[in-house]
Structure formats: structure tokens, C-alpha cells
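Enquirer: One structure follows; several queries about it will come next.
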Amino acid sequence: MGGRASGGSVSGSGGRGAAGDPGDGGGGSGSESRGDDAVPTGNPDADGACERPSEAGLEDVSQPDTVIGDGTAESCTGARVVEAVGRGGVIVFDCGPEPVTIVLDEPAKVKNAANPVVVLDGGGKVTLSGGGKTRILYMNTCDEKQGYTTSHCDNQDHPRLTVQNLTFVDGNSKNEETYDGGGAIYARGGRLKIIRSRFFRNECASEGPDVGGAAVRAFQQFENRPAYVIESTFGGGPDQGNTCSNGGGISSIGVNWVIVDSLFSHNQAIGRGGNPAEAGTPGGGSGGGIYSDGGTLRLSLCGTRVENNTVRAYGSGIFFVSNNHQGTLELSRSVIRGNRGGGWNVLPGISMHDDTVRIIDEDTVLEP
Numbered sequence: 024m025g026g027r028a029s030g031g032s033v034s035g036s037g038g039r040g041a042a043g044d045p046g047d048g049g050g051g052s053g054s055e056s057r058g059d060d061a062v063p064t065g066n067p068d069a070d071g072a073c074e075r076p077s078e079a080g081l082e083d084v085s086q087p088d089t090v091i092g093d094g095t096a097e098s099c100t101g102a103r104v105v106e107a108v109g110r111g112g113v114i115v116f117d118c119g120p121e122p123v124t125i126v127l128d129e130p131a132k133v134k135n136a137a138n139p140v141v142v143l144d145g146g147g148k149v150t151l152s153g154g155g156k157t158r159i160l161y162m163n164t165c166d167e168k169q170g171y172t173t174s175h176c177d178n179q180d181h182p183r184l185t186v187q188n189l190t191f192v193d194g195n196s197k198n199e200e201t202y203d204g205g206g207a208i209y210a211r212g213g214r215l216k217i218i219r220s221r222f223f224r225n226e227c228a229s230e231g232p233d234v235g236g237a238a239v240r241a242f243q244q245f246e247n248r249p250a251y252v253i254e255s256t257f258g259g260g261p262d263q264g265n266t267c268s269n270g271g272g273i274s275s276i277g278v279n280w281v282i283v284d285s286l287f288s289h290n291q292a293i294g295r296g297g298n299p300a301e302a303g304t305p306g307g308g309s310g311g312g313i314y315s316d317g318g319t320l321r322l323s324l325c326g327t328r329v330e331n332n333t334v335r336a337y338g339s340g341i342f343f344v345s346n347n348h349q350g351t352l353e354l355s356r357s358v359i360r361g362n363r364g365g366g367w368n369v370l371p372g373i374s375m376h377d378d379t380v381r382i383i384d385e386d387t388v389l390e391p
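The numbering used here applies: residue 24 is where the sequence shown begins, and numbers increase by one.
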């Protein structure tokens, strides 16, 4: 199984390699772009003033371990993506001069013992698609099928997954039951970094109090170090929004986030009844753009716009719940506005406990 490539449209920047690796394709075809090429990568109004830790930068892909493709769109198949991700290391694409969409028939799964580093760089030309049928990318240090490498799978420093200069479209994890959520990317354990990437029309289960992350679902990160989202877009237009029970953009349990110069818009949390679910409801419907749940958490946004997202329960823009009331919400140079639906808004578009520590600078805009 795998998939094949077709012409498509993406935007971004980055490098790629120059030689092909073996592999063969399966079924599948490219999906219509539906105006995706017009959607910016990251917040188009960001002024570049936000500081970034050095580890949040682009990974070096000048000496890749695997190059998918031999210079033509036809040589870039879903099967080759699945194979390359299973091997790990630095992965780039050589699919010809035009943008390309690669449709997968099954998730590309990180093998925990294969390589501690997994980097996918699309060079600003590659879209990975689930074709509306499958999740696109999967990493889980606590999934025995992917291999145990330590006795403490929920707190280990590898694999370290980075996706950069890529677009993820039409991922679908509705059929995933054991590890649900994460229509495009599911990441548990190790480290996760997303740079200059875009997420359109991904979806996960439409009901449930905890399931979430139409685009990305994340769990424990090594030593509670942050997951990074840098210059990336989740939705961005009416035809590009992502949809799930909770967390129309991203969803996490027990994860600290650093989100810089990014855009969350036109995403939907469509569950009903919240968490815990109200009597007679299936639960869910919180966190139109971002859903963050856990204990001592820190959610940090700088230069980021969260707007025009919708919910049925709570947190039309952001749902941030620290169960031990030790969490911190930090907003710098960001805009939260135009998010709709639900209730329990402690701040416009934001649901959280009244006693949540909040650090909000004067350059942040909070509007209904």
C-alpha cells in the first residue's frame, strides 16, 4: 500500500536533496487544492519580534539520509514516504520543479528503534495527503507495535520528530480507536517540532469528551520540554479549516507548547457536552483552535493569531485547563478574536480556570 503523487500547490521555503531512493507506489490520486496555495504559511502579520529558542529552528537537511523521488512527480509515492519514515533520519523530496501532492493509503509510522532523529522537509513544494481516508503521520513511544526502547516510554528523549516546509491535507483518523485524534499527526513521547507547515481539512472523531486534534494531537514530551509550532498555519480560510470533537487545530494532554508567528483560523470543535460530558451528550466541543489539558502546563503564544474558529462547548479560540491549577497562559504580540460559540469565556475566546496564571503583554489583542 502507499499512494502516488500528482500536481498540487503549496507555499513555503526550505531545501531538498538531489537523488532518488527505491520504492514503489500503490493506489491513490492527488486532491484538488481548493485555493490552498493562497493561504500563507504562518501569521502573515507577524513582525519577527518574537524570540525563539535555538532548538526551535529549522533542522539542517543538507545531508539527508533519504531522498524521496528521482526528479519527477510520479516517483514520489505514498509507499516511499511510509518506507522512509519507518527508517527515520533526515528525509527530503526530489519530485520535480512543480509543487506536488503525495497521497498516502496508510499512516507513515515512526519506528522507535530505527533512528532517534526523524526530520521531514518538503522544501515548500510537497503536500502530504491522507485522501480523506487515513491519518498521515504517527509517532508513539508507548505503542508496542512500534517498538519499546526504554522502560519509561512516556518520558524518553527519542524519537525527535520534526516536520518543516510541508503541507498536510485531508488526514482522517476517525477509524482510529486505540490511539484516536490527530487527523494529520499523532505524536506521543520523544519531542515534536512543527516549522513552516500548513494543515488543511484534516479531521478526527466528531464526538467524545477527550478525543481531539484535527490536525495534531500530542502527549508527553521528554522531561516536559515544550513542543514547538513555528510559522505554521492551521486552517487559514473557510475551505481549509480542520474539524474534530475537540481541538480543531491542535490538542494535547500534559504538553507544554511554544507557538510562534502562527495562524489558527476557521477550525471547528464539533462535539457536544464538554468534558466531562453532560448527561445525554457524547461530550466534546471545546477548543476551536487550541485544546490544552493537563497538570502544571504552560501554553505560550507569541506573534500568533487565533481567529474565526468555532465550538459548541467551551473555548471558542483556546481551551486551556490545568487540573491542578498550576498552569500558565502566556500571550505576547498575539491576536485572539472573532471566535464563536460555546461559553465559560474567562477572556474573550478563552476558557480556563479563573485562577490560571496569565501573562499578557500590552501588544496582545483580545476581542470577542
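Cβ atoms here follow ideal geometry from the backbone N, Cα and C, with glycine treated the same way. Since this is a predicted model, take the numbers as computed values, not measurements.
Indicate the three-state DSSP secondary structure (helix, strand or coil) for Gly109 in the structure shown.
Expert: Gly109 falls in the helix class under three-state DSSP.
Enquirer: Please report the distance separating the alpha-carbon of Arg158 from that of Pro305.
Expert: C-alpha separation (whole angstroms): 23 Å.
Enquirer: Going by C-alpha to C-alpha distance, which of Ala336, Leu215, Gly308 sits closest to Val19?
Expert: Lying before the first or after the last residue shown, residue 19 is absent from the chain, which here runs from 24 to 391.
Enquirer: Just the Cα atoms here: how many angstroms apart are Ala238 and Phe257?
Expert: Roughly 7 Å separates the two Cα atoms.
Enquirer: Here's the rule: buried if 16 or more other CB atoms are within 10 angstroms of the residue's CB, otherwise exposed. What is Asp377?
Expert: With fewer than 16 Cβ atoms within 10 Å of its Cβ, Asp377 is classed as exposed.
Enquirer: Using the three-state DSSP reduction, which class does Phe245 fall into: helix, strand or coil?
Expert: DSSP places Phe245 in helix when its eight states are reduced to three.
Enquirer: Measuring only the C-alpha atoms, how far is Leu286 from Arg328?
Expert: So the two alpha carbons sit approximately 5 Å from each other.
Enquirer: Which partner residues does Arg214 have in the DSSP bridge list?
Expert: Note: Arg214 sits in a beta bridge opposite Arg183.
Enquirer: How would you call Ser85, buried or exposed, if buried means at least 16 neighbouring beta carbons within 10 angstroms?
Expert: Its Cβ having fewer than 16 others within 10 Å, Ser85 is exposed.
Enquirer: For a test of the three-state rule: what should DSSP assign to Lys168, helix, strand or coil?
Expert: It is helical.
Enquirer: According to DSSP, simplified to helix, strand and coil, what is Ser220?
Expert: Note: Ser220 maps to coil in three-state DSSP.
Enquirer: Whose C-beta lies closer than 6 Å to the C-beta of Val344 among residues of the same chain, with five residues either side of it excluded?
Expert: These residues qualify, in order along the chain: Asp316.
Enquirer: Per DSSP, what kind of secondary structure is Gly101 in: helix, strand or coil?
Expert: The answer is helix: DSSP assigns Gly101 an H, G or I state.
Enquirer: Can Asn269 and Ser229 be called in contact, C-beta distance under 8 Å?
Expert: No, the pair does not count as a contact, with Cβ atoms beyond the cut-off.
Enquirer: So, at 6 Å on beta carbons, what are the nonlocal neighbours of Leu324 in its own chain, with the 5 sequence-adjacent residues on each side left out?
Expert: Ile282, Leu354, Ser357, listed in sequence order.
Enquirer: Here's the rule: buried if 16 or more other CB atoms are within 10 angstroms of the residue's CB, otherwise exposed. What is His289?
Expert: His289 should be labelled buried.
Enquirer: Under the three-state reduction of DSSP, which class applies to Ser77: helix, strand or coil?
Expert: Reduced to three states, the DSSP call for Ser77 is helix.
Enquirer: Tell me whether Ala72 sits in a helix, a strand or coil according to DSSP, three-state version.
Expert: DSSP places Ala72 in coil when its eight states are reduced to three.
Enquirer: For Ile125 versus Ser98, is the C-beta distance shorter than 8 Å?
Expert: No, the Cβ-Cβ distance between Ile125 and Ser98 is not below 8 Å.
Enquirer: So Asp117 and Asp93 are supposed to be a Cβ contact under 8 Å. How far apart are they, rounded?
Expert: Their Cβ separation, rounded to whole angstroms, is 6 Å, which keeps Asp117 and Asp93 in contact under 8 Å.
Enquirer: If distances are taken between C-alpha atoms only, which option among Val334, Asp384, Ala300 comes closest to Gly272?
Expert: The shortest Cα separation from Gly272 among Val334, Asp384, Ala300 belongs to Val334.
Enquirer: Can you name the start and end residues of the beta strand (DSSP E) that Asp316 belongs to?
Expert: Counting along the chain, the beta strand (DSSP E) containing Asp316 begins and ends at 313-317.
Enquirer: Of the residues Lys168, Cys176, Asp83, which one's Cα is nearest the Cα of Asn188?
Expert: Selected option, being the one with the closest Cα: Asp83.
Enquirer: Grouping DSSP H, G and I as helix and E and B as strand, with all else coil, what is Asp117?
Expert: Coil at Asp117, not helix or strand.
Enquirer: Check for me: the beta strand (DSSP E) holding Cys325 runs from which residue to which?
Expert: Taken as a continuous stretch (DSSP letters only), the beta strand (DSSP E) holding Cys325 covers 321-325.
Enquirer: Pull the bridge partners of Met162 from the DSSP assignment, please.
Expert: DSSP, once it has assigned bridges, lists Ala210 as partnering Met162.
Enquirer: Is the beta carbon of Gly260 closer than 8 Å to that of Gly58?
Expert: Contact flag set, yes.
Enquirer: Starting from Ala250, follow the beta strand (DSSP E) in both directions and report where the run begins and ends.
Expert: Counting along the chain, the beta strand (DSSP E) containing Ala250 begins and ends at 250-253.
Enquirer: Decide if Glu74 is buried, meaning its Cβ has at least 16 other Cβ atoms within 10 Å, or exposed.
Expert: Result: exposed.
Enquirer: Quick one: using the 10 Å Cβ neighbour count with 16 as the cut-off for buried, is Asp68 buried or exposed?
Expert: By the 10 Å Cβ count, Asp68 comes out exposed.
Enquirer: Using three-state DSSP, classify Ala131 as helix, strand or coil.
Expert: In this structure, Ala131 counts as strand in the three-state DSSP scheme.
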